[in-house]
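Engineer: Numbering-wise (full-length UniProt numbering), the sequence shown opens with residue 1 and increments by one.
C-beta: ideal position from N, C-alpha, C; glycine also.
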Amino acid sequence: MTMKNPLTREVLILNQNYEPLSVTEVKKAFVISYLGKAQVIETYSGVQLNTVNKSYPVPSVVRLKNYVRISRRTISPTRKNILKRDGYRCQYCGTKSGPMTVDHVISRTMRGRDTWENLVCA
1 MTMKNPLTRE VLILNQNYEP LSVTEVKKAF VISYLGKAQV IETYSGVQLN TVNKSYPVPS
61 VVRLKNYVRI SRRTISPTRK NILKRDGYRC QYCGTKSGPM TVDHVISRTM RGRDTWENLV
121 CA
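(1) Residue 88: which of 108, 77, 101 sits nearest, CA to CA?
(2) Beta-carbon separation of residue 126 and residue 68 under 8 angstroms?
(3) Where does the unbroken alpha helix (DSSP H) through residue 13 begin, and where does it stop?
(4) Using the three-state DSSP reduction, which class does residue 69 fall into: helix, strand or coil?
(5) Near residue 79, which residues of its chain fall below 7 angstroms by C-beta distance, leaving aside the five closest residues on each side in sequence?
(6) Nearest CA to the CA of residue 115: which residue from 74, 93, 90, 95?
(7) In angstroms with no decimal places, state the Cα-to-Cα distance between residue 96 and residue 82.
(8) Taking its Cβ as the centre, do 16 or more other Cβ atoms sit within 10 Å of residue 72, making it buried, or is it exposed?
(9) Under the rule that 16 or more other beta-carbon atoms within 10 Å means buried, what is residue 93, buried or exposed?
(10) Alpha carbon to alpha carbon, what distance is there between residue 63 and residue 41?
(11) With residue 120 and residue 112 assumed to form a contact (beta carbons below 8 angstroms), what rounded beta-carbon distance in angstroms separates them?
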């Protein structure tokens, strides 16, 4: 059994109000939580970050203690962005095989719009 390096895992960074900000590496998330700038919300089960003196659980989600103001740039719900958001996985059956398309949850004939909430990978 091969053990994956805990430092190669990704960590979700949440704003103070639990709004997703970004995804970063374990090293950065560990440092900001260790310095008291962030609170660890979730950890990877059974994965430890070992130091000389102590073992720490590896964070998977951290929340910043101070609110970070972010500029609101609009990202269009393009085919590429929808497929990337859904991880190239069909939202109806969960498979990743075959060519993926983008489907309207509420069809265009029923006045369904091209929005993030109405488009899924299929």
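Structural biologist: In brief:
(1) 101
(2) Nothing in the structure corresponds to residue 126, since the chain is present only between 1 and 122.
(3) Taken as a continuous stretch (DSSP letters only), residue 13 belongs to no alpha helix (DSSP H), being part of the beta strand (DSSP E) at 10 to 14.
(4) coil
(5) 102
(6) 74
(7) 14 angstroms
(8) exposed
(9) exposed
(10) 7 angstroms
(11) Not really, about 11 angstroms apart at Cβ, beyond 8 angstroms.
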